Structure formats: C-alpha cells, structure tokens
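Only one structure is covered here, and it is reproduced in the block below.
Chains as they are written, first to last, in the numbering used here: chain A, 16 to 357; chain B, 138 to 648.
Listed below in structure tokens is the structure:
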C-alpha cells in the first residue's frame, strides 16, 4: 500500500501510517526506527539495502531526502512531501520517504521526531555525506547508533581521522562492519596457532578505509608495528603476521576466496566474499550498544601505521614508534598527528 | 574439559561482540551419510554454517556409508543436497572451501578394513587440513547399529584423540524404547565416549522458539510472578502432525507416538516450561534444574481415566483422502500401535502442586502445530454481570513453537459500543516475521554447539532415563488394557481425549 502526501506535516503522515497499516492488515512488532539521511540521487540504493535488512530487523524506515533547491526562489518555498509505503515489496515494517524542500531541508529534526516509534531505539545512517560530528548533529542526537561510511567520502583516510577525533559511544562506520569476516578468520587463525607476533602488514586498495581500520585493529590488539601497503585490490588483499616460525598469511587476491597459510599447518581456503550493503546494515542493527572495539581501533589513529614508501621494504629503520600506548592514554581523544599516510 | 582455545588470543576481547563463535579446528564424520536426515538437514546445515563463516578454516566432512563412491561422487551428492535444501544462497567460493575437505569412506559397520581406512583418512586430514585431531562422529544410523559402530571406533582407536584434542559422539533419537533399553544404550556409548562428550540431538531444543522460552521466563519480570499455581489453571503442550507415518512403518509400528514424541520432545518442553531458574546458563546448571522438575513429575493414579491413546482411520485430511493407519503399507492390520497419545501429568512441588499439565501428540491431526499454552485462572471476582463476560474465556499465554513461531497473549477486552460486553482478543508477537531470513535452522545451531563442545541444548542421559521412568508405567498399562481409540484422520484426535479433559472441567485449545 502506498499513500502520497504533498505539502504535508508529520501528524498527517502519522495518520497515513495508521491508515495504511489497517488497509494491509498487518501488525508487526517493529524493533527500531532507521533514519536514512540522503539525497535524491542516492536514496534508491540506500532504501533498497535497508528494506532488505528490515527482513531481519522489522523497522520503520524514514528516508530523509533533502532538496534545499538551487535558486533563491526554490529555497524560499518550504514544503514537505511524503510517500508512505506499508506491506508489499518493501520488506517488513513501514517506509516513509520524506522530501524536504527549501528551508525545511534544514529542519529535518522537527519532521522526524514525531515519526519515531515509541520506546524503540533509533538508528541514523548517512550513506554518503555524514555531518562532521554525527553525535552533535541534530538528527544524530536522536539516535542510539549513528552509522557513517568512510568509504563513500572523497578522502577516506581523512574521514577516519575525523571519526577518531569526534568519536562518541554509538558511532560506527561501515568500513569497520566490512571487516568482521576478516577479523573473525584472523582471530580463528590465532586460536589455532598461539604464537608471538612481532610485526604485521596489511595490503589493500587505495582509498579503502577498511584496510587502514584492519591495520589499526591489529596494531591496537597486538601492540606491534603494522605496515599498510597499497595493492591493486579489490578491497583488502592480504594480511601478514610475522611470527618466530614464519608468516601467518591470509591472502585474498580476487575478493572472494582467500588462502590462509599458517607455519606448520597446511594451506587452507576460506571463503571471504565482499558483502552487500544490506548485509552490512543487518549486522549493524543486530547490536545497538557502543562498539568499543571500533572505538579503540579508530582512535589509535592512522598516523600509527607505517607505509612501505616511508620505511623501506623491511620497515626496520627509524619509523614512528608503534604507538599502542597512545591509545591507552586517558582521554586520548585526539589521534596522533598523522604522517603522510596516503 | 579443555580450556577455551580463545583464552590467550590477543585478537579477541570481551568488548568485541561482533566476532562470532567459530568452532576450533575440527572435522565431522557422518555415519549413514546417504540417509534422508543427512541429505535434507545435516549437509545443508554444514554448508549454511560455512556460508555464515562459523566453521574453522580447514573444516572437513567425512562420509561413511555402504556405497561404492569416490570422494568426487560424495561431493556431488552433497552439492545436490546443498543446492536443494540450504537456506543461505549458494556461493561458489564457500563451496570450494568446503569441497576441499570432503572425503568418503565406503564400507559396512563390521568391516575392519573400512575403519582402518577411516583412521588413515582422519590422519591425513589432520596433516592436509589441520583438523588437529578433533572429530565429531555423527551416528545417523538406526540405533541397532550403535553398539557395532561405537565398538569399532574404540577398536580402531578412533574414540580417543591425542592430547589436547577431542572426539565426540552425536546420536539421534530414539534413545531406547524403554528405561532398560535406554540404560543399555547409554552403557554401550559411555563405555567408549565419556558422558560429557556424548551429544544427544533433540532438534526441538535447537529451535529459536524453544530457547526463547528461557529468555521469556528468565529475562523478563512480568511473566515469572504469575508463573505458578496461584495464577495458572493448567498447561497444555501439543505437538500435532498432519502427516501419517509415511515411509517409517518399520520404525514406527510397535513404537507409537508416546515413545516417539512425548518421551523426548514433550517432556523436554514441559521441563523448560516448569523448571526453576537455573543458577547460570551453563549445561550443568540447566540439567540440574531440568532433572529436578522431571523428578517431581507424577503420573495420575488412575491411568485409565487420565491417559488416552488413539489410532487414525481413513478420512479426509485438508481436502485429501488418506488411508487409515492399519491400511498403511507395512503395518500389521491387527497393530495396536498408538498414533495419538494424550496424558495428564502433575508436578509435585511448591510452584506447581495441583496444576495439571496435559500433553498430547498425534499423527494425521488437524494441522501441523507445536505449542505450549499456559492457561490462567479466571478472575476471582468480576464486577461485571455474568452476561457481560459470557464470551470471555481464560486468559492464556501461548508459546507457538512451530510453525508461525511466536507468542500469543489472550485476554479480555471491551467490545466498542454503549453496552458493557467483554470478549477475548489476542496480542501477537511473531518471531517468523522478525527473523525469517536469517534465523539459523535447529541443526545448524546444534552442529555448531557440538563442534564448540557446548552442551546446553542437549538432553543428558539422566534426563533421558528419567523420561522413560515417567512413560514406562503408561506404556505398560496400555499394553494390558484395551486398544487404541480410533479417530478419523484430519480431526483433533479421539473423543476420549476430549472426555479426558471434560472430566476435569476443561477442554483442549484448538491450536
């Protein structure tokens, strides 16, 4: 069922939601409100992914589409148009597309607030351009969880630096979500091989912030120097952990099937496909508590990583010290000043 | 028991809740790999686990059966069953990862040569795939073969791993057909595998809804205060099937529905519904509480009045004409096997004294449904006129185990209008809608738990034996008195079952 409302208000939208729900005859236990802040050009893909994820987490999806307008005349006409979709192909739950014209575009907060589900958590997702400080953003303040995506920005490494600077509990980034399969395979590999690791190297595509985050996570957990090397991709291509008996290597040249080699053990294949956005969002919605592992990794700061250009191939000359202690500094909110990382 | 392998792993931290529980290096050996269960449930579950990234790198699957197959033939069979039955999408790279670790060992169970081959296969896997000597043996074979298989495993030194590795046995129901046969079976298996390495699969316990019983009761505050004899009138636990015995004539005849379902599934559901809060969620604490409540279960004094058995006759089931039990292929026309069983049990403890638990199960009933209905007492005093509340039934909380998993709460509400009239309404929580796509299948969860060595969801041998102790007197009584009551296929069982509740002034819910 679809209801179009032109030049409307939040209370009319609420009325339409009830009307649509009655018409469809479904009463679904929705568990959260997902607010997607986007623009006309990108809302389709984001909504598709969110609808897919809503099959696992039935939710009310509010898509905030900002259309501030280009001409002074457009900017002066403040108008709210809404499209209410319930049932049918939109997954579980309810979807409302909110088009905020002109001046209204700056007041999304006032439109969204009355439409939040009572007593259920709220998640805000910025598929592309996130505000500088998500937790301080007006919409961000409504949410328990704020999802950004550093990979969708112009300068992903700078975005990571900014995320570290303004991190507040509840922040998370899809660049981090994309890492979960890598991290679990690496953790499983160390479950099997308990060895002291002296250094590590992470290889991945340029402009792929997940590579940096994975390197940071390893550096933070293991307290060893980690090198970030650029490869042709796709995505992350390899992780190498040096131990006394040799190198533990997880190598994924094709973006799908990886090979895990551990000294003293046979080589094995591990499926590590790159996941679609819907799966990432579904994973994000599974837990709504602050992700401390992410906080520790991102706050370590990209400056803590070495690059091969800087250090030579073996990385044994005077490189910036492995700054694991930097992360443990109380109130270490500010990342270490970055060297030229990219 | 071996300490968790992740203990000293610097990459794991307690605050990192995204990292899933991945089983350690291990392999699974399936006996009877050509069977239905293996093709429809086990192999797809293994694939789904791999697809979710929950199996360790190098995980290996060994099939053992009486077929003249090479590894590739086995691979092809698994491939087909995965394509047909897996719940997650098929991915070539996941398949490749799995297929590399698949081996097939042809042979029969008393063939020493075959077990010697199995041994070398497992040793090779340790070398080639790094399975680390950890293997689970899944006995997907009729119980009469259990003794042979476990003896062979012991004889060929397969039942004990090297230091720091484990060997586990997984067995499926039936766990015997009465107390003495169950004890005998346990003796045979425990002779070879230590008790804590034996995993008995009751797939009901792997269902999310069943695990949710514990969450519902012990994570909330609003249910537990009324979960006792002061508020509960009675409890009905139903497991109904719409199918007949299908191709299971050989197994089913002589066993019957009470042994097939009540002894394991329904008594487990009863234990979870009625038990006290465990001190923690580990396997030992759970088994302590379950056993305690099972020990308090008491049979009615007059078994003739409070138990009923039935047998379906020809009839129409959902618009389809079906045969009666005695006309089914392979059934003795004079068979007195029960295809329907109902009984009243009581639990002698402070919480439940005087509250009857009615259990019923049957084949060819109205529809396929499993549910636990906790029916509450009527309000002790009603300020409304009798006519106002004429249509008001008992309040009830229903846990729908399958299908359409969820919880229903039933209570009275005023009908809109100028008159005061109160009628029953229901409030639904639907599990199915919320988690359809990705909630794991019971076998997935249980297989993973076996590989992790987590015994929470598996009934222990004490529970199995105690359940037989409860059921045996009923079976003995039935064997000596009368015959099963006939009921038409597609109905909700024999009249006698309705009479049994009517004598107590109650009636069955229509599930």
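The C-beta atom is built at its ideal place from N, Cα and C for all residues, glycine as well. Bear in mind the structure is a predicted one, so any value in this text is a computation, not a measurement.
Residue i to residue j span [Cα, whole Å]
{"i": "residue 564 of chain B", "j": "residue 37 of chain A", "result": "16 Å"}
{"i": "residue 315 of chain B", "j": "residue 619 of chain B", "result": "20 Å"}
{"i": "residue 276 of chain B", "j": "residue 171 of chain B", "result": "12 Å"}
{"i": "residue 428 of chain B", "j": "residue 391 of chain B", "result": "28 Å"}
{"i": "residue 331 of chain A", "j": "residue 213 of chain A", "result": "In this prediction, residue 331 of chain A scores a pLDDT of 41, lower than 50, which makes its location untrustworthy; the coordinate-derived value is nonetheless stated afterwards. The alpha-carbon atoms of residue 331 of chain A and residue 213 of chain A are separated by roughly 12 Å."}
{"i": "residue 485 of chain B", "j": "residue 431 of chain B", "result": "10 Å"}
{"i": "residue 239 of chain A", "j": "residue 146 of chain B", "result": "15 Å"}
{"i": "residue 147 of chain A", "j": "residue 177 of chain A", "result": "7 Å"}
{"i": "residue 262 of chain A", "j": "residue 17 of chain A", "result": "57 Å"}
{"i": "residue 419 of chain B", "j": "residue 593 of chain B", "result": "6 Å"}
{"i": "residue 476 of chain B", "j": "residue 234 of chain B", "result": "44 Å"}
{"i": "residue 264 of chain A", "j": "residue 208 of chain A", "result": "12 Å"}
{"i": "residue 671 of chain B", "j": "residue 509 of chain B", "result": "Residue numbering for chain B in the displayed model covers 138 to 648; residue 671 of chain B lies beyond these limits and cannot be assessed."}
{"i": "residue 585 of chain B", "j": "residue 271 of chain B", "result": "14 Å"}
{"i": "residue 211 of chain B", "j": "residue 244 of chain A", "result": "42 Å"}
{"i": "residue 118 of chain A", "j": "residue 93 of chain A", "result": "5 Å"}
{"i": "residue 552 of chain B", "j": "residue 560 of chain B", "result": "7 Å"}
{"i": "residue 495 of chain B", "j": "residue 480 of chain B", "result": "6 Å"}
{"i": "residue 587 of chain B", "j": "residue 525 of chain B", "result": "55 Å"}
{"i": "residue 504 of chain B", "j": "residue 492 of chain B", "result": "27 Å"}
{"i": "residue 215 of chain A", "j": "residue 232 of chain A", "result": "11 Å"}
{"i": "residue 123 of chain A", "j": "residue 293 of chain A", "result": "24 Å"}
{"i": "residue 200 of chain A", "j": "residue 366 of chain B", "result": "50 Å"}
{"i": "residue 326 of chain A", "j": "residue 166 of chain A", "result": "At residue 326 of chain A, the pLDDT of 46 sits below 50, so the modelled position is not reliable and the matter cannot be decided from this model."}
{"i": "residue 289 of chain A", "j": "residue 217 of chain B", "result": "25 Å"}
{"i": "residue 251 of chain A", "j": "residue 417 of chain B", "result": "41 Å"}
{"i": "residue 98 of chain A", "j": "residue 112 of chain A", "result": "5 Å"}
Counted within 10 angstroms of its Cβ, other Cβ atoms place residue i as buried (16 or more) or exposed
{"i": "residue 624 of chain B", "result": "buried"}
{"i": "residue 357 of chain B", "result": "exposed"}
{"i": "residue 283 of chain A", "result": "buried"}
{"i": "residue 280 of chain A", "result": "buried"}
{"i": "residue 128 of chain A", "result": "exposed"}
{"i": "residue 500 of chain B", "result": "buried"}
{"i": "residue 610 of chain B", "result": "exposed"}
{"i": "residue 58 of chain A", "result": "buried"}
{"i": "residue 442 of chain B", "result": "exposed"}
{"i": "residue 227 of chain B", "result": "exposed"}
{"i": "residue 456 of chain B", "result": "exposed"}
{"i": "residue 532 of chain B", "result": "buried"}
{"i": "residue 637 of chain B", "result": "buried"}
{"i": "residue 412 of chain B", "result": "buried"}
{"i": "residue 338 of chain A", "result": "Reliability fails at residue 338 of chain A, whose pLDDT of 42 lies under 50, so the model's placement of it is uncertain and no value is given."}
{"i": "residue 438 of chain B", "result": "exposed"}
{"i": "residue 232 of chain B", "result": "buried"}
is_contact[residue i, chain D] using C-beta, thresh 8 Å
{"i": "residue 264 of chain B", "result": "Here chain D cannot be found, since the structure's protein chains are A and B."}
Pick out the complete alpha helix (DSSP H) segments inside the region 372-443 of chain B, 4 residues or longer, and give them in chain order.
386-389, 404-411, 420-432, 440-443
3-residue-minimum beta strand (DSSP E) runs that sit fully inside the region 509-555 of chain B, ordered along the chain:
533-539, 543-551
In the region 142-172 of chain B, which residues sit with their C-beta less than 8 Å from some C-beta in chain A, listed in chain order?
142, 143, 145, 146, 147, 148, 149, 150, 152, 153, 154, 155, 156, 157, 159, 161, 162
Using 8 Å as the threshold, is the region 372-385 of chain B in touch with the region 394-405 of chain B, meaning 3 or more CB pairs across them?
yes
Any chance the region 89-97 of chain A sits against the region 135-151 of chain A, with 3 or more Cβ pairs inside 8 Å?
no
To be precise: take each residue of the region 222-233 of chain B, compare its Cβ to all Cβ atoms of chain A, and keep it if any distance is under 9 Å. Which residues remain?
Per Cβ criterion, the list reads 228, 229, 230, 231, 232, 233.
Could you check whether the region 531-538 of chain B touches the region 331-351 of chain B, counting it as contact only if at least three pairs of C-beta atoms, one from each stretch, sit closer than 8 Å?
Under the Cβ criterion (8 Å, minimum of three pairs), the region 531-538 of chain B counts as touching the region 331-351 of chain B.
Continuous alpha helix (DSSP H) assignments of at least 4 residues falling wholly in the region 280-313 of chain B:
Runs found: 283-292.
Listed in chain order, which residues of the region 143-164 of chain A have Cβ atoms closer than 7 Å to some Cβ of chain B?
none
For the region 180-199 of chain B, enumerate the residues whose C-beta is nearer than 8 Å to any C-beta of chain A, in chain order.
187, 188, 190, 193, 194, 195
What are the residues in the region 237-250 of chain B lying within 9 Å of chain A by C-beta distance?
Those would be 237, 238, in chain order.
When Cβ atoms are compared, which residues of the region 275-290 of chain A fall closer than 7 Å to chain B?
275, 280, 281, 283, 284, 285, 286, 288
Any contact between the region 151-162 of chain B and the region 295-306 of chain A? By contact I mean 3 or more CB pairs, one from each, below 8 Å.
yes
Decide if the region 190-198 of chain A is in contact with the region 162-177 of chain A; the criterion is three or more beta carbon pairs, one per stretch, under 8 Å apart.
yes
Just by C-beta distance, which residues in the region 260-275 of chain A are closer than 7 Å to chain B?
271, 272, 275
Residues in the region 182-198 of chain A having any Cβ partner in chain B nearer than 7 Å
195, 196, 198
Contacting positions in the region 297-309 of chain A - beta carbon closer than 8 Å to chain B
297, 298, 302, 304, 306, 307, 308
Three CB pairs or more closer than 8 Å across the region 272-279 of chain A and the region 215-225 of chain B:
no
Could you run through the region 266-294 of chain B and flag, in chain order, every residue whose CB is less than 8 Å away from some CB of chain A?
So the list reads 266, 267, 269, given in the order they occur along the chain.
Any beta strand (DSSP E) of 3 or more consecutive residues that is wholly inside the region 196-273 of chain B:
197-202, 239-243
Could you pull out every unbroken beta strand (DSSP E) segment of at least 3 residues lying fully inside the region 139-184 of chain A, listed in chain order?
160-163
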